[in-house]
Amino acid sequence: YDGVAWVKLAGKWGLIDILGNIIAEPQYSFIDIFDGSFAKVGKCVDENKYQYGLIDTVGEVVLPMEYDEILRWDNGYYVVRKDELYGLLSPSLHVAIEPKRKYLKKLNDKYILELVNSDYPGWYNLMDYYGNGIICRDEYRGFITVEELENGFLKALYFRSEYKAGSRYGIYNSTGKQIYYNDHCDDITYFGDNLFLVKEFIYSGSGLAGHDKYKIVNCQGEVLFNKYYDSIELLKNGNFLISKNDLYGL
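Anchor point for the sequence shown: position 16 equals 15 in the numbering used here, and the numbering is continuous, going up by one each time.
Next up, the structure:
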């Protein structure tokens, strides 16, 4: 950080300015570099056990050293761990989410993933930065990842199969209302104009032979056409170019 230097005295770290004036007394076992306006500091409280807090650029403690870990996200929020549970602090260090969660993972600047089941591959809830649940697991089902699509739609992956037509996906609106769920498809993509392209694998006869097939679902979860096609393309005029058995139509 500009104008600040690290100094070590009797095995403890502190900070001085360019004139040699003490900013932070050498009392810490650890001082990280400044990331934004704060630096993480730590003290050894037991053998191989540290507790961490934050200081500002004038050496004032702005977050008490009572956390087992502090991690700053690239949007300025801080994930903190205390007694094996995680919480979230705002960039101004206000508590956004109390440290009562198993694990928190940044999805983007709007949403956070909360781990609710650590069994492989793990189940998550989706929440906002105030801790409000957007997509929450039920008794039987939790998702392993979620992707934000265009127009605020969300795609949740519940299970990814090694085999064709075995993955499970759900589509939600921005408030967390489920629009569509499919437990035997390969992918769902945003198609444009509030429509979704569902890719499935249709087996033909016995064995593993078959073909990729596609269908369209609207934002109410309704399947359009009630038919599968080999390909579907949305044209600029709003019509669909479809193909089946090497024949094309609109």
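Positions of the beta carbon are idealized from the N, C-alpha and C atoms, including for glycine.
Here the structure is a predicted model, which means the values were calculated and not measured.
Straight-line spacing of the CA atoms in Leu18 and Ala4 works out to 10 Å. A distance below 7 Å between beta-carbons, with the five flanking residues on each side excluded, links Ala23 to the following residues of its chain, in chain order: Gly13, Leu14, Ile54, Gly58. Distances from the alpha-carbon of Tyr85 to those of Glu65, Asp211, Gly220, Lys226 put Glu65 closest. In the three-state reduction of the DSSP assignment, Gly151 falls in the helix class.
In the DSSP assignment, Arg100 is bridged to Tyr85. Rounded to the nearest whole angstrom, the C-alpha separation of Leu156 and Tyr168 is 5 Å. About 19 Å separates the CB atoms of Tyr189 and Lys212; that is not less than 8 Å, and the two are not in contact. Of the other Cβ atoms in all chains shown, fewer than 16 fall within 10 Å of the Cβ of Gln26; this residue is therefore exposed.
The straight-line gap separating the alpha-carbon atoms of Ile30 and Gly141 is approximately 39 Å. Only exposed fits Ile32, as fewer than 16 other CB atoms lie within 10 angstroms of its CB.
A distance below 7 Å between beta-carbons, with the five flanking residues on each side excluded, links Val78 to the following residues of its chain, in chain order: Leu70, Trp72, Tyr85, Leu87, Leu103.
Boundaries of the beta strand (DSSP E) around Phe200: 194–202. Membership of Trp5 in the beta strand (DSSP E) is indicated by the continuous run 3–8. Burial check for Phe195: the Cβ neighbour count within 10 Å reaches 16 or more, so the residue is buried. For the options Asp82, Gly220, Val216, the alpha carbon positioned closest to that of Ile231 is the one of Val216. In the DSSP assignment, Val145 is bridged to Ala155. Taking each of Asp127, Glu68, Lys11 in turn and checking the Cα distance to Lys48, the smallest one comes out for Glu68. The Cβ atoms of Tyr128 and Leu114 do not sit closer than 7 Å to each other. In the structure shown, Glu161 adopts coil according to DSSP, grouped into three states. A Cβ-Cβ distance of about 5 Å is found for the pair Val197 and Lys214, placing them in contact under the 8 Å criterion. Pairing Lys81 with Pro63 gives a Cβ-Cβ distance that is not under 7 Å. With fewer than 16 other beta carbons inside 10 angstroms of its own, Gly248 counts as exposed. Between Ser28 and Lys39, the C-beta spacing is not below 7 Å.
According to the DSSP secondary-structure assignment, Cys218 is paired through a beta bridge with no residue.
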